[in-house]
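Colleague: Respectively, the protein sequence lines represent chains W and V. Using our numbering, the first residue of the first sequence is number 450, and each one after it goes up by one. Using our numbering, the first residue of the second sequence is number 58, and each one after it goes up by one. We put the beta carbon where it would ideally sit given N, CA and C, even for glycine.
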Amino acid sequence: MMYKQKDSSESWDIVITPKTSLLSIDWKEIWRYRDLLQMFVRRDFVAQYKQTILGPLWFLIQPVFTAYTYFLVLNRMGNMPTDGLPPFLFYIAGLTIWNYFATCLTATSDTFISNAHIFGKVYFPRIIVPLSIVVSNLIKFGIQFLLLIFFIIYFDWKSPDFDFHWHVNILLFPIPVLLIGGFALSSGMLVSAMTTKYRDLRFLLAFGVQLLMYASAVIISPNSVPEKYATILKFNPIANIVEFFKATILNHQSIDWPAVIYSTAFLIVFLLISIIIFNKTEKTFMDTV
Amino acid sequence: MSDIAIKIEHLYKQYRLGVIGTGTLSHDLNRFFAKLMGKDDPYAKVGEVNDRTQKSTSKYVWALQDINLEVKQGEVLGIIGKNGAGKSTLLKILSKVTAPTKGSIKAKGRIASLLEVGTGFHPELTGRENIFLNGAILGMTKAEIKAKLDEIVAFAGIEKYVDTPVKRYSSGMKVRLGFAIAAHLEPEILVVDEVLAVGDAEFQKKAIGKMQDVSKNDGRTVLFVSHNMASIEALCNYSIVMNNGCLEFNGKTSEAIDYYLKTNFESTPIKHYTNKGNEHITLHSISVNKNSKAIYIGDELEFEVTFELKRTTKTRFDISLQLLNEKNVVVATVSTAFCNYEIKNISEKKQTIVFRLQNTWLNEGYYSVIFRLVENRANRAVYRGDDVLTFEIKQKVVQEYIKTNGILRPNVIVEEK
Numbered sequence: 450m451m452y453k454q455k456d457s458s459e460s461w462d463i464v465i466t467p468k469t470s471l472l473s474i475d476w477k478e479i480w481r482y483r484d485l486l487q488m489f490v491r492r493d494f495v496a497q498y499k500q501t502i503l504g505p506l507w508f509l510i511q512p513v514f515t516a517y518t519y520f521l522v523l524n525r526m527g528n529m530p531t532d533g534l535p536p537f538l539f540y541i542a543g544l545t546i547w548n549y550f551a552t553c554l555t556a557t558s559d560t561f562i563s564n565a566h567i568f569g570k571v572y573f574p575r576i577i578v579p580l581s582i583v584v585s586n587l588i589k590f591g592i593q594f595l596l597l598i599f600f601i602i603y604f605d606w607k608s609p610d611f612d613f614h615w616h617v618n619i620l621l622f623p624i625p626v627l628l629i630g631g632f633a634l635s636s637g638m639l640v641s642a643m644t645t646k647y648r649d650l651r652f653l654l655a656f657g658v659q660l661l662m663y664a665s666a667v668i669i670s671p672n673s674v675p676e677k678y679a680t681i682l683k684f685n686p687i688a689n690i691v692e693f694f695k696a697t698i699l700n701h702q703s704i705d706w707p708a709v710i711y712s713t714a715f716l717i718v719f720l721l722i723s724i725i726i727f728n729k730t731e732k733t734f735m736d737t738v
Numbered sequence: 058m059s060d061i062a063i064k065i066e067h068l069y070k071q072y073r074l075g076v077i078g079t080g081t082l083s084h085d086l087n088r089f090f091a092k093l094m095g096k097d098d099p100y101a102k103v104g105e106v107n108d109r110t111q112k113s114t115s116k117y118v119w120a121l122q123d124i125n126l127e128v129k130q131g132e133v134l135g136i137i138g139k140n141g142a143g144k145s146t147l148l149k150i151l152s153k154v155t156a157p158t159k160g161s162i163k164a165k166g167r168i169a170s171l172l173e174v175g176t177g178f179h180p181e182l183t184g185r186e187n188i189f190l191n192g193a194i195l196g197m198t199k200a201e202i203k204a205k206l207d208e209i210v211a212f213a214g215i216e217k218y219v220d221t222p223v224k225r226y227s228s229g230m231k232v233r234l235g236f237a238i239a240a241h242l243e244p245e246i247l248v249v250d251e252v253l254a255v256g257d258a259e260f261q262k263k264a265i266g267k268m269q270d271v272s273k274n275d276g277r278t279v280l281f282v283s284h285n286m287a288s289i290e291a292l293c294n295y296s297i298v299m300n301n302g303c304l305e306f307n308g309k310t311s312e313a314i315d316y317y318l319k320t321n322f323e324s325t326p327i328k329h330y331t332n333k334g335n336e337h338i339t340l341h342s343i344s345v346n347k348n349s350k351a352i353y354i355g356d357e358l359e360f361e362v363t364f365e366l367k368r369t370t371k372t373r374f375d376i377s378l379q380l381l382n383e384k385n386v387v388v389a390t391v392s393t394a395f396c397n398y399e400i401k402n403i404s405e406k407k408q409t410i411v412f413r414l415q416n417t418w419l420n421e422g423y424y425s426v427i428f429r430l431v432e433n434r435a436n437r438a439v440y441r442g443d444d445v446l447t448f449e450i451k452q453k454v455v456q457e458y459i460k461t462n463g464i465l466r467p468n469v470i471v472e473e474k
């Protein structure tokens, strides 16, 4: 046939082939689609509270009520210690960062299945969707973080057993937020890539997230659990990050740096693996979803 | 540099038949071990032809087989084929929605697809917000969209509703908006799949005009899939015909359409039905010129219809037949309503009527018939049967094969004056 032309002299902008190398991420392409990321963030944020009266106020109501419930059940009725902090403050600090992780994880883990109708029609770098979820929830986290600061000031002023001491460590608080966002992104991407073919993981995730909260130092202080369980908590990178976050912002204990380094290393490996799997799935998931 | 915009080489796509369930894991593992040992994929054997009417022996099927194609820049290429011929799979691979199993596609410039317009509209967001969202999904930057916002809104004709949530739009408005966004995308290569089937006549005209504009004035390449031969013919200079995952014909559009119709159109001038109809009517049989072997240009057409009314009312019933040519253009409508014939208003009794069409002079080609039952001289049909009959009109004397253009082929006498 007539396809024996010199191919090397031609420059093609797009080459579509079955296989790519494992780690080929087209960063340039992702950057080109940055406006899409922004639009997705806007959509997630705006659309969520359309036709509600209270609107974004729900961001504040949720954590306050949840923290108060834990305060009543665990502290008042169960007498669980809270690291010497006012119980309500202890719970709301843990919940603020945990909520960010949990909502990101559940939303990103649905990436492929809930966007199948779009993914089946147009191409854009799929990673934009989980990224946009992590970013749009960051806004939500920001609002809840302001609430947390409000309560820190309030308890500093009102409560006799809490005195806020300024320390330079407080400025480190964005690090645990980024780390936990990274964990939510990578585990969400991993789950979403795997659920395209095997839906089993969705069931596991639904209650897995709830159970993980108890093992992540969110509402139970690792200092108050028996020795043999405490080692489990030590190896849970999420628990380490939650502790790290509390240590920076509340400044009630010193930062456990080895644990932080361990969690960061864990995250880097984990992120690499999930990007590889996500990328592999992205190319053919339409045939299996 | 040549002026080739898209180059497809030895493209294959394999799909798995049946459901994905517990068995998939074992296949995945087999595949993994074969890869580990350096063997070929055990499930990727070439050979199975994708004919969906035949029961398959293998669990995998080739939706595309060895597609080779070059498309020149600025060309509008039509893609013709039956349902399941692989047209959409090809477009899906082109728009990077799914990856091929083997082979490659190379292209110059941005590829944008109009596989189904309005993809990714968020019902809660307003028209304006959705233009930005949808445009970004299709690969436009915010600045590009901003520059074209007014043009898009005007093209879609939704000025009044820009700030209304899309969930309050009519379906036609959504489609128009979706097409308008995509049409203003300005990619180098545009992939279009059956979008013109929706929208009213005015919008269809606008859409076809826009697509012609895009290819002629801006030198962009368009790939166009449609079942409507008339719009393929209007838009495309060259077309390909696909069948069972293979590219069967590549050439001028008129020849491609001929090839497609010849291989896919069945002429059945007598049709008996056992279970056709609804609560108003049963259609038993329909035929055209049932006593002649072939129908030639200029022949009187004699349609015989046998039917049975299911219920009687005081209103009048009329039977109408619509003749469509191969491009789905209605060439004639005949009805008892304008022929001074009243069909007997009795139920549960077979009646046969004959329509004689004199001096038709329809051009050679393939025709299909739509059967309709109309109540009370209204415009609305209470029953409609599409393609109840298909037949071919031939040239009487075929000295050399010349097919004239046009719907009619009148008998012409030329003389000196």
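Report the three-state DSSP secondary structure of isoleucine 619 of chain W (helix, strand or coil).
Modeller: Helix.
Colleague: Per DSSP, what are the beta-bridge partners of leucine 44 of chain V in this structure?
Modeller: In the structure as shown, chain V starts at 58 and stops at 474, and residue 44 of chain V therefore has no counterpart that could be examined.
Colleague: Evaluate contact between the stretch 231 to 245 of chain V and the stretch 209 to 217 of chain V, counting only Cβ atoms and requiring at least three cross-stretch pairs below 8 Å.
Modeller: Touching, yes.
Colleague: Kindly indicate which residue of V:Ile403, V:Lys328, V:His179, V:Asn335 has the alpha-carbon position closest to the one of valine 495 of chain W.
Modeller: The candidate whose alpha carbon is nearest that of valine 495 of chain W is V:His179.
Colleague: For cysteine 553 of chain W, which three-state DSSP category applies?
Modeller: In this structure, cysteine 553 of chain W counts as helix in the three-state DSSP scheme.
Colleague: I'd like the span of the beta strand (DSSP E) that includes alanine 438 of chain V, first residue to last.
Modeller: Start and end: 438 to 451.
Colleague: Counting only Cβ-Cβ distances shorter than 8 Å, please list the residues of the stretch 562 to 582 of chain W near chain V, keeping chain order.
Modeller: Listed in sequence order: His566, Ile567, Phe568, Gly569, Lys570, Val571, Tyr572, Phe573.
Colleague: Just verifying my parser: in three-state terms, what is the DSSP assignment at threonine 278 of chain V?
Modeller: In the structure shown, threonine 278 of chain V sits in a strand (DSSP, three-state: E or B).
Colleague: Output yes or no for whether 8 Å exceeds the beta carbon distance between isoleucine 450 of chain V and leucine 419 of chain V.
Modeller: Contact: yes.
Colleague: Between the Cα of methionine 643 of chain W and the Cα atoms of W:Phe734, W:Arg481, W:Trp480, which residue gives the shortest distance?
Modeller: Looking at the Cα atoms, W:Phe734 is the closest of the given residues.
Colleague: Any chance the CB of alanine 264 of chain V is under 7 Å from a heavy atom of the ligand MN?
Modeller: In terms of ligand content, the structure shown is empty, and the ligand MN therefore cannot be addressed.
Colleague: From the DSSP output, read off the bridge partner residues of asparagine 300 of chain V.
Modeller: For asparagine 300 of chain V, which the question treats as bridged, DSSP gives the partners V:Cys303.
Colleague: Please report the straight-line C-alpha distance between glutamine 71 of chain V and glutamate 323 of chain V, rounded to a whole angstrom.
Modeller: Computed Cα separation, rounded: 30 Å.
Colleague: When you compare only the Cα positions, how much space is there between tyrosine 424 of chain V and tyrosine 353 of chain V?
Modeller: In a straight line, the C-alpha of tyrosine 424 of chain V is about 13 Å away from that of tyrosine 353 of chain V.
Colleague: Just tell me which of V:Ala291, V:Asn125, V:Gly422 has its CA closest to the CA of histidine 67 of chain V.
Modeller: Histidine 67 of chain V has its Cα closest to that of V:Asn125, out of V:Ala291, V:Asn125, V:Gly422.
Colleague: How would you label valine 387 of chain V, buried or exposed, when you count the other beta carbons within 10 angstroms and need 16 or more for buried?
Modeller: Flag for valine 387 of chain V reads exposed.
Colleague: To the nearest whole angstrom, what separates the beta carbons of valine 128 of chain V and isoleucine 63 of chain V, a pair I think is in contact under 8 Å?
Modeller: With a Cβ gap of about 4 Å, valine 128 of chain V and isoleucine 63 of chain V count as contacting.
Colleague: Less than 6 Å between C-beta atoms, sequence neighbours within five positions excluded: which residues of the same chain meet that for aspartate 123 of chain V?
Modeller: Contacts found: His67.
Colleague: Report back the beta-carbon spacing between valine 411 of chain V and phenylalanine 428 of chain V to the nearest angstrom; my notes put them in contact at under 8 Å.
Modeller: Actually they do not touch by this definition, with Cβ atoms about 14 Å apart.
Colleague: Step through the CB atoms of chain W and report whether any lies within less than 8 Å of the CB of isoleucine 188 of chain V.
Modeller: So, not an interface residue.
Colleague: Cβ closer than 7 Å: which chain V residues qualify as neighbours of alanine 496 of chain W?
Modeller: What alanine 496 of chain W touches in chain V: His179, Glu181, Leu182.
Colleague: From glycine 104 of chain V to alanine 169 of chain V, what does the alpha carbon distance come to, in whole angstroms?
Modeller: With a pLDDT of 48 at glycine 104 of chain V, under the threshold of 50, the modelled position of that residue is not reliable, and the figure given next carries that caveat. Near 32 Å, if we compare the C-alpha coordinates of alanine 169 of chain V and glycine 104 of chain V.
Colleague: Along the chain, where does the beta strand (DSSP E) containing leucine 247 of chain V start, and where does it finish?
Modeller: Note, leucine 247 of chain V: beta strand (DSSP E), 246 to 250.
Colleague: How about the stretch 661 to 676 of chain W and the stretch 618 to 630 of chain W: do they share at least three Cβ pairs that are nearer than 8 Å?
Modeller: No, they do not touch.
Colleague: Measuring only the C-alpha atoms, how far is tyrosine 295 of chain V from methionine 488 of chain W?
Modeller: If I take the Cα positions, the gap works out to 39 Å.
Colleague: Which bits of chain B does tryptophan 461 of chain W rub up against, with CB to CB less than 7 Å?
Modeller: No chain B is part of this structure, whose protein chains are labelled W and V.
Colleague: Between the stretch 692 to 705 of chain W and the stretch 539 to 550 of chain W, are three or more C-beta pairs nearer than 8 Å?
Modeller: Touching, yes.
Colleague: Please say whether leucine 634 of chain W and proline 518 of chain W have beta carbons closer to each other than 8 Å?
Modeller: Going by the sequence as given, residue 518 of chain W is threonine instead of proline. For threonine 518 of chain W and leucine 634 of chain W, no; Cβs fall outside 8 Å.
Colleague: Quick one: using the 10 Å Cβ neighbour count with 16 as the cut-off for buried, is alanine 351 of chain V buried or exposed?
Modeller: Label assigned to alanine 351 of chain V: exposed.
Colleague: Leaving out five residues before and five after lysine 319 of chain V in sequence, what residues of the same chain have Cβ atoms less than 8 Å from its Cβ?
Modeller: Nothing listed; no residue qualifies.
Colleague: Between threonine 531 of chain W and the rest of its own chain, which residues show a CB-CB distance below 7 Å, the 5 nearest in sequence each way excluded?
Modeller: Closer than 7 Å at the Cβ level, and outside the excluded window around threonine 531 of chain W, lie Asn524, Phe539, Ser670.
Colleague: How about the stretch 280 to 290 of chain V and the stretch 129 to 140 of chain V: do they share at least three Cβ pairs that are nearer than 8 Å?
Modeller: Segments in contact, yes.
Colleague: Under DSSP, the beta strand (DSSP E) around phenylalanine 360 of chain V begins and ends at which residues?
Modeller: Taken as a continuous stretch (DSSP letters only), the beta strand (DSSP E) holding phenylalanine 360 of chain V covers 358 to 366.
Colleague: Using a Cβ cut-off of 9 Å, which residues of the stretch 132 to 156 of chain V contact any Cβ in chain W, in chain order?
Modeller: So the list reads Lys149, Ile150, Leu151, Ser152, Lys153, Val154, Thr155, Ala156, given in the order they occur along the chain.
Colleague: I want to verify the contact list: residues of chain W whose CB lies under 7 Å from the CB of isoleucine 168 of chain V, in sequence order.
Modeller: Ordered by position in chain W, the residues that pass the 7 Å Cβ test against isoleucine 168 of chain V are Ile463.
Colleague: Given that a residue counts as buried once 16 or more other Cβ atoms are within 10 Å of its Cβ, and exposed if not, what is threonine 155 of chain V?
Modeller: Classification for threonine 155 of chain V: buried.
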